[in-house]
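*Asks:*
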Amino acid sequence: MYRQQSPGITLHVELVDEQNNILGTGVLKPTDISGKWAKQEVNFKAGTTAAKAKMNIWFEGNGVLDMDMISLFPADTWKGRKKGMRADMIQMLADMKPGFIRFPGGCIVEGTDLANRYQWKKTIGPIEERQLIMNRWNTEFAHRPSPDYFQTFGLGFFEYFQLAEDIGAEPLPILNCGMACQFNTAEVVPLDQLDPYVQDALDLIEFANGDASSEWGKVRASMGHAEPFNLKYLGVGNENWGPQYIERAKAFQKAIKAKYPKINLIYSSGTDPDSDRFHFLDKELRTMGADIIDEHYYRSPEWFLKNASRYDSYDRKGAKVFAGEYAAHIDGKTTGSNRNIWQAAIAEAAFMTGLERNAAVVNMASYAPLFANTEGWQWAPDLIWVDNMNIYGTPNYYVQKLFSTNKGTQVASALAAGKSVSGLDGLYVSAVVDSMKKELIVKLVNTRDTEQNKQVSFEGLKLVGSEAQLTVLKGHLTDQNTIDKPLAIAPTQAALKLKGKTAALKLPANSFVMLKVSYK
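Each number in the numbering used here comes from the position in the sequence shown (counting from 1) with 7 added on.
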């Protein structure tokens with residue numbers, strides 16, 4: 008964007024590599040002479056590839072020119088959208104076939120204080136009108152302070168809704184509930200001043216679902232999406248806790264359910280799964296008749312193994328559970344992508360058999376965080392790592408993908424001696440039926456350091472054929488994927504001969520094995 012106060016300047020745009028060799032150039036001659044702000048662009052091609060190129064702009068001629076909103080975008084974006092997302096990143100996300108996307112994230116919703124909280128209305132409409140604010144992570148991590156790290160909101164709520172639609176996932180927005188991050192300022196808006204926060208939630212539902220004649224539906228339509236986004240879920244706050252959160256949650260519940268009773272509201276149960284703080288919130292939210300309770304756990308691999316049966320005893324008739332943020336964290340002395348080792352991933356796989364087995368209680372689950380840059384991370388482990396040129400999925404990614412793309416349509420019993428298998432002989436097992444594809448899928452995790460031989464019998468089914476499809480994910484506990492070796496740990500597939508209705512399985516040491524059979 009520019010404003011010519013006095014014409015006469017030509018812009019030369021160039022891409023250069025680290026040695027200042029020119030990779031590609033373009034010339035832009037401002038044409039608007041109204042003295043008002045105008046948009047103009049130039050397209051050009053880079054003749055070669057550079058991992059750390061930069062953009063230069065230099066000026067020729069005489070004149071006075073104001074400039075703003077300078078952006079450089081590739082033509083190759085996800086679905087070719089102008090100013091769109093990096094195609095290889097979104098493809099890896101789409102390949103997981105996620106059931107939902109939670110956005111804009113967790114703590115980013117809260118802000119260090121309420122003045123710098125995330126406000127969805129400031130992230131929609133023309134990009135130049137979206138209000139820039141600081142990013143709450145700009146000084147949060149001593150090993151990589153970034154005081155000039157801001158949010159321009161080129162990626163805003165409209166783009167998040169559009170992304171969810173593109174990949175066939177339910178949108179799951181999270182809104183500030185009138186509380187800043189309790190690890191920072193812990194600022195709380197007084198209850199008698201909470202109405203604007205509640206109204207933001209009501210307006211968001213109208214933005215997503217209202218017809219084009221409604222106030223906020225009209226805004227959505229003006230951005231090029233006349234049809235509703237069909238929003239079903241909305242999160243009230245992130246990792247908030249204490250009586251003050253319950254007071255605010257009740258205010259949101261009352262207003263939203265009165266106008267939009269079918270919207271499923273998701274409430275925070277705090278930052279951990281075990282403390283008095285968690286138990287207070289869980290009790291209060293269930294008393295409120297909460298639709299869904301959001302549980303977070305960043306814990307050791309040992310914790311995940313011990314808690315694989317966590318939901319076996321949860322009330323089937325009460326609130327549902329959203330495992331909104333979880334990841335197995337190994338020793339904190341290990342940093343960055345080095346934390347994404349097989350030991351963490353296999354513990355998560357074991358835990359996820361418990362999530363799958365208890366799908367009647369746990370309606371949704373999502374590993375967190377999703378993406379990280381190898382040179383710009385502030386939190387680890389993360390599911391998918393990128394640099395300027397490359398991308399790879401961690402062992403954790405392949406665990407998540409195997410569960411997500413093989414979740415079936417209903418849970419099936421997977422029993423040994425009449426009991427669920429959750430730690431027996433170091434084994435963790437779950438099973439599902441896909442009634443659409445006529446498949447039975449069994450997932451088995453061997454957490455022992457030795458191979459185990461087991462038999463799986465399929466009872467009550469008429470099997471088709473004499474073979475099963477076997478998928479194996481295995482490695483040494485310290486193995487990891489990297490930019491150079493992105494598939495060091497990745498699934499392999501083979502056919503397995505059946506003996507009648509029985510499969511004889513060899514479960515490699517420290518492995519995640521999936522068995523799939525077809526039935527009539």
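Backbone N, C-alpha and C define an ideal beta-carbon position, used for all residues, glycine too.
Excluding five sequence neighbours on each side, which residues of the same chain lie with their C-beta closer than 7 angstroms to the C-beta of Ala423?
*Replies:* If you number the sequence shown from 1, residue 423 lands on position 416. Correct list, in chain order: Leu431.
*Asks:* Touch check for the region 495-502 and the region 359-370: three-plus C-beta pairs under 8 angstroms?
*Replies:* Not touching, per the Cβ criterion.
*Asks:* For Tyr435, I'd like the list of residues in its chain whose CB is within less than 6 angstroms of its CB, leaving aside the five on either flank, ordered along the chain.
*Replies:* What you label residue 435 is simply residue 428 of the sequence shown in a count that begins at 1. Closer than 6 angstroms at the Cβ level, and outside the excluded window around Tyr435, lie Ala315, Ala357, Thr360, Ser429 and Val452.
*Asks:* Note down the Cα distance separating Arg306 from Ala497, rounded to an integer number of angstroms.
*Replies:* Taking the sequence shown and counting its residues from 1, one reaches residue 306 at position 299. Taking the sequence shown and counting its residues from 1, one reaches residue 497 at position 490. When rounded, the distance between both Cα atoms is 24 angstroms.
*Asks:* Where are the beta strand (DSSP E) runs, 3 residues long or more, that stay fully inside the region 218-265, in chain order?
*Replies:* Correct list: 240-243.
*Asks:* Are the CB atoms of Phe285 and Gly296 within a distance shorter than 8 angstroms?
*Replies:* On the sequence shown, residue 296 is found 289 positions in, with the first residue counted as 1. On the sequence shown, residue 285 is found 278 positions in, with the first residue counted as 1. No, Cβ-Cβ distance for Gly296 and Phe285 is not below 8 angstroms.
*Asks:* Please tell me whether Met76 and Met186 are closer than 8 angstroms, where the distance is taken between their beta carbons.
*Replies:* Here residue 76 refers to the residue found at position 69 of the sequence shown. Here residue 186 refers to the residue found at position 179 of the sequence shown. Cβ distance not < 8 angstroms, so Met76 and Met186 don't count as in contact.
*Asks:* Kindly confirm or deny that the region 11-27 and the region 55-64 touch, where touching means at least three C-beta pairs closer than 8 angstroms.
*Replies:* A contact exists between the region 11-27 and the region 55-64.
*Asks:* Given a cut-off of 8 angstroms, decide if Val440 and Ala421 are closer than it, judged by their beta-carbon atoms.
*Replies:* Taking the sequence shown and counting its residues from 1, one reaches residue 421 at position 414. Taking the sequence shown and counting its residues from 1, one reaches residue 440 at position 433. The answer is no: Cβ separation not under 8 angstroms.
*Asks:* Have a look at Gln206, Lys89 and Ala82 and flag the residue whose alpha-carbon is nearest the alpha-carbon of Gln126.
*Replies:* By one-based count along the sequence shown, residue 126 stands at place 119. With distances taken between Cα atoms, Gln126 lies closest to Gln206.
*Asks:* Could you check the C-alpha separation between Arg88 and Val49 for me, to the nearest Å?
*Replies:* On the sequence shown, position 81 is the one that residue 88 refers to. On the sequence shown, position 42 is the one that residue 49 refers to. Approximately 17 angstroms, taken between the alpha carbons.
*Asks:* Sort out for me which residues DSSP pairs Gln417 with in a bridge.
*Replies:* Numbered from its first residue, the sequence shown carries residue 417 at position 410. Answer is Val440, bridged to Gln417.
*Asks:* Along the beta strand (DSSP E) that carries Lys520, what are the first and last residues, could you check?
*Replies:* For the purposes of this step, residue 520 is identified with residue 513 of the sequence shown, where counting begins at 1. Just to set this straight, residue 520 is Val in the shown sequence, not Lys. First-last of the beta strand (DSSP E) with Val520: Ser518 to Ser525.
*Asks:* Pick from Leu470, Ser518 and Lys513: whose alpha carbon is nearest that of Ser525?
*Replies:* Within the sequence shown, residue 525 is the residue found at index 518, counting from 1. The shortest C-alpha separation from Ser525 is found at Leu470.
*Asks:* Output yes or no for whether 8 angstroms exceeds the beta carbon distance between Thr509 and Val463.
*Replies:* Looking up residue 509 in the sequence shown gives position 502. Looking up residue 463 in the sequence shown gives position 456. In this structure, Val463 lies closer than 8 angstroms to Thr509 by Cβ.
*Asks:* Enumerate, from N- to C-terminal direction, the unbroken beta strand (DSSP E) stretches of 3 or more residues contained entirely within the region 266-341.
*Replies:* Runs found: 271-275, 299-306 and 327-335.
*Asks:* Verify whether the separation of the beta carbon atoms of Tyr240 and Ile273 is less than 8 angstroms.
*Replies:* Here residue 240 is taken as the residue at index 233 of the sequence shown, counted from 1. Here residue 273 is taken as the residue at index 266 of the sequence shown, counted from 1. Against a cut-off of 8 angstroms, the Cβ pair of Ile273 and Tyr240 comes out as a contact.
*Asks:* Using only the alpha-carbon positions, how far apart do Leu447 and Glu466 sit?
*Replies:* On the sequence shown, position 440 is the one that residue 447 refers to. On the sequence shown, position 459 is the one that residue 466 refers to. C-alpha separation (whole angstroms): 11 angstroms.
*Asks:* Between the alpha carbons of Asp338 and Ser518, how many angstroms are there, rounded?
*Replies:* Reading the sequence shown from its first residue, position 331 is the one you call residue 338. Reading the sequence shown from its first residue, position 511 is the one you call residue 518. If I take the Cα positions, the gap works out to 21 angstroms.
*Asks:* Could you tell me the distance, in whole angstroms, from the CA atom of Thr416 to the CA atom of Ser427?
*Replies:* Position 409 of the sequence shown, counted from the start, is the residue given in the question as residue 416. Position 420 of the sequence shown, counted from the start, is the residue given in the question as residue 427. Approximately 19 angstroms, taken between the alpha carbons.
*Asks:* Would you say the region 327-343 touches the region 69-85, given that touching needs at least three Cβ pairs under 8 angstroms?
*Replies:* As far as the Cβ criterion goes, the region 327-343 does not touch the region 69-85, which means the pair count is below three.
*Asks:* Under three-state DSSP, which class holds Met359?
*Replies:* As a working note, residue 359 is residue 352 in the sequence shown. It is helical.
*Asks:* Smallest Cα separation from Leu35: which of Ile490, Ile29, Asn28 and Gly68?
*Replies:* The residue you call residue 35 lines up with position 28 of the sequence shown. Nearest C-alpha to Leu35: Gly68.
*Asks:* Measure from the alpha carbon of Lys408 to the alpha carbon of each residue in His150, Ile131, Ala352 and Ser13, then state which is nearest.
*Replies:* As a first step, residue 408 must be located in the sequence shown, where it is residue number 401. Ranking His150, Ile131, Ala352 and Ser13 by Cα distance to Lys408 puts Ala352 first.
*Asks:* Considering only the beta carbon of each residue, do Leu170 and Met92 sit closer than 8 angstroms?
*Replies:* For the purposes of this step, residue 170 is taken as residue 163 along the sequence shown, with counting starting at 1. For the purposes of this step, residue 92 is taken as residue 85 along the sequence shown, with counting starting at 1. Contact: yes.
*Asks:* Quick one: residues in its chain with C-beta nearer than 8 angstroms to the C-beta of Asn460, no 5 flanking neighbours on either side, listed in chain order?
*Replies:* Counting from 1 along the sequence shown, the entry for residue 460 is found at position 453. If we look at Asn460 and ignore the five residues flanking it on each side, its Cβ neighbours are Ala511, Leu512, Lys513 and Leu514.
*Asks:* Return the first residue and the last residue of the beta strand (DSSP E) that Asn123 is part of.
*Replies:* Taking the first residue of the sequence shown as 1, we reach residue 123 at position 116. Per DSSP, Asn123 belongs to no beta strand (DSSP E) and is neither H nor E.
*Asks:* From this set, Trp349, Pro235 and Ala208, which residue's C-alpha is nearest Ser220's C-alpha?
*Replies:* Here residue 220 corresponds to residue number 213 of the sequence shown, with the count starting at 1. The shortest Cα separation from Ser220 among Trp349, Pro235 and Ala208 belongs to Pro235.
*Asks:* Quick one: Cα of Ala334 to Cα of Thr32, how far?
*Replies:* Taking the sequence shown and counting its residues from 1, one reaches residue 334 at position 327. Taking the sequence shown and counting its residues from 1, one reaches residue 32 at position 25. Approximately 44 angstroms, taken between the alpha carbons.
*Asks:* Return the residue from the list Met371, Thr159, Arg143 and Asp491 that minimises the CA-CA distance to Lys90.
*Replies:* As a working mapping, residue 90 is identified with position 83 in the sequence shown. That would be Thr159, whose Cα lies nearest to the Cα of Lys90.
*Asks:* Taking buried to mean at least 16 other C-beta atoms within 10 Å of its own C-beta, is Arg227 buried or exposed?
*Replies:* Locating residue 227 in the sequence shown gives position 220, where the first residue counts as 1. That one is buried.
*Asks:* Exposed or buried, what is Trp65 when buried is set at 16 or more other beta-carbons lying within 10 Å of its beta-carbon?
*Replies:* Against the sequence shown, residue 65 aligns to sequence position 58. Counting Cβ neighbours within 10 Å, Trp65 comes out exposed, since fewer than 16 surround it.
*Asks:* Measure from the alpha carbon of Ile181 to the alpha carbon of each residue in Phe168, Asp173, Ile174 and Asn191, then state which is nearest.
*Replies:* Along the sequence shown, one-based indexing puts residue 181 at 174. When each option's Cα is compared against that of Ile181, the closest is Phe168.
*Asks:* Alpha carbon to alpha carbon, how far is Trp349 from Lys481? Give it in angstroms, no decimals.
*Replies:* Numbered from its first residue, the sequence shown carries residue 481 at position 474. Numbered from its first residue, the sequence shown carries residue 349 at position 342. Looking at the two C-alpha atoms, the distance is approximately 8 angstroms.
*Asks:* In terms of residue numbering, what span does the alpha helix (DSSP H) encompassing Met103 cover?
*Replies:* Along the sequence shown, read from residue 1 onward, the residue named residue 103 stands at position 96. Here Met103 belongs to no alpha helix (DSSP H), and DSSP marks it neither H nor E.
*Asks:* Excluding the 5 residues preceding and the 5 following Asn395 in the sequence, name in chain order all residues of the same chain whose CB lies nearer than 7 angstroms to its CB.
*Replies:* Position 388 of the sequence shown, counted from the start, is the residue given in the question as residue 395. Around Asn395: Ala58 and Lys59.
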